[in-house]
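Read the structure below first, then the notes.
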Amino acid sequence: MTQNTASQTAGAGSTQQPKRFVLPANAKRRVNTQRRKNIGITAYILFVLVPIYWLLNMSFKSNEEILGGLTLWPQNFTLENYQVIFSDPSWYMGYVNSMTYVSLNVIITLMVALPAAYAFSRYKFTGDKHLFFWLLTNRMAPPAVFLLPFFQLYSSVGLFDTHLAVALAHCLFNVPLAVWILEGFMSGVPREIDETAYIDGYKFHTFFLKIFLPLIRSGIGVTAFFCFMFSWVELLLARTLTSVEAKPIAAIMTRTVGATGIDWGVLAAAGVLTIIPGLLVIWFVRNHVAKGFALGRV
1 MTQNTASQTA GAGSTQQPKR FVLPANAKRR VNTQRRKNIG ITAYILFVLV PIYWLLNMSF
61 KSNEEILGGL TLWPQNFTLE NYQVIFSDPS WYMGYVNSMT YVSLNVIITL MVALPAAYAF
121 SRYKFTGDKH LFFWLLTNRM APPAVFLLPF FQLYSSVGLF DTHLAVALAH CLFNVPLAVW
181 ILEGFMSGVP REIDETAYID GYKFHTFFLK IFLPLIRSGI GVTAFFCFMF SWVELLLART
241 LTSVEAKPIA AIMTRTVGAT GIDWGVLAAA GVLTIIPGLL VIWFVRNHVA KGFALGRV
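At position 297 of the sequence shown (counting the first as 1) the number is 297 in the UniProt record's numbering, and the numbers step up by one without a gap.
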């Protein structure tokens, strides 16, 4: 009987189910929250990248295939659209012209905005807030407001259809933005650094170039990025203030629209090549842009 009791006890013990691990309520909420974040990030990435992929996909198709229907990849892969761009001087000179006046604009904007932002961040004078607000109001106006004055001015002084004309016109919009961004970064630098440098006998230009500017290199990178992007994609001023010699790629792309329709393949290839400089700039200044967002000035 003892053996039967022992065997029954052993059998009962063997039929017991192992305890399941149950996550606490807080842990469940964290897991669900993280899952929702991952889904949202994935959806956002797809939302951003799908148009770029579709543009790249179209650039390797002929017009007949593009208009024939939707396909996820080219059925008849072709490089003819890129050959049209690289074999036509007007196309690749459009890229050269755009890079030229964009670089000029970034350099001029930084040269003007850096000392102006330093003055706003370090000195208090009568009407400084009003002057700062007036400077920002220039950024609020649309480019079309200044189109006719710029056209008449540049035509009279001989700057029409030059790289400098477009660069200076874009400075009207980029300088206020640059001053606003840089002033925020400069205000975060302690004033004691300026005072210590003056006590040590540094002249202003030496202190500003060798000590102060390296402290705000993130702000300079952020400013250069936004100035580059505005000047690179702006079309109205760039197209109106140029005709032949300095015509930018944004204006050249309008040539794909003709009496027979739109050359979608060449337009897509030009769009892909237009995106590449922006991607390169983002890659080089990505850390500075991230810091700018973290500081809340961008």
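Every residue gets a Cβ at the ideal spot worked out from N, C-alpha and C, and that includes glycine.
Report back the beta-carbon spacing between residue i and residue j to the nearest angstrom; my notes put them in contact at under 8 Å.
i: isoleucine 181; j: threonine 223; result: 5 Å
i: isoleucine 262; j: serine 90; result: Isoleucine 262 to serine 90, Cβ: 18 Å. No contact.
i: leucine 110; j: isoleucine 211; result: Not quite, the Cβ-Cβ distance comes to about 18 Å (not below 8 Å), so this is no contact.
i: isoleucine 52; j: isoleucine 275; result: 7 Å
Would you tell me roughly how many angstroms separate the C-alpha atoms of residue i and residue j, rounded to the nearest one?
i: serine 218; j: phenylalanine 284; result: 12 Å
i: residue 301; j: valine 266; result: The structure shown has nothing for residue 301, since the chain only spans 1 to 298.
i: valine 31; j: lysine 37; result: 10 Å
i: arginine 286; j: arginine 139; result: 24 Å
i: leucine 147; j: leucine 172; result: 12 Å
i: glycine 296; j: glycine 188; result: Bear in mind that a pLDDT of 49 at glycine 296, under 50, signals an unreliable position, so the number given afterwards is only what the model happens to contain. Straight-line Cα distance between these residues: approximately 12 Å.
i: leucine 56; j: lysine 203; result: 53 Å
i: alanine 119; j: aspartate 88; result: 48 Å
i: glutamine 75; j: phenylalanine 60; result: 9 Å
i: glycine 201; j: alanine 144; result: 49 Å
i: aspartate 194; j: proline 115; result: 14 Å
i: lysine 28; j: isoleucine 39; result: 17 Å
i: alanine 113; j: valine 106; result: 10 Å
i: histidine 163; j: leucine 279; result: 23 Å
Do residue i and residue j have their C-beta atoms within less than 8 Å of each other?
i: alanine 250; j: leucine 273; result: no
i: tryptophan 264; j: methionine 58; result: yes
i: glycine 197; j: phenylalanine 185; result: Note that residue 197 corresponds to alanine in the displayed sequence, not to glycine. Cβ atoms of alanine 197 and phenylalanine 185: not closer than 8 Å.
i: tryptophan 232; j: proline 176; result: no
i: alanine 117; j: valine 179; result: yes
i: phenylalanine 228; j: valine 281; result: yes
i: asparagine 174; j: phenylalanine 230; result: yes
Let's see if you can read the secondary structure: which residues bound the alpha helix (DSSP H) around residue i?
i: alanine 116; result: 89-122
i: isoleucine 66; result: 63-68
i: leucine 235; result: From DSSP, leucine 235 is part of no alpha helix (DSSP H); its letter is neither H nor E.
i: tyrosine 198; result: 191-199
i: proline 176; result: 163-187
i: valine 145; result: 143-157
i: leucine 131; result: 128-140
Q: Please confirm if the segment 242-260 is in contact with the segment 119-138, defined as three or more CB-CB distances below 8 Å between the two stretches.
A: no
Q. Is the number of C-beta pairs between the segment 80-93 and the segment 150-165 that are closer than 8 Å three or more?
A. no
Q: Would you check if there are 3 or more beta carbon pairs closer than 8 Å linking the segment 153-168 to the segment 100-112?
A: yes
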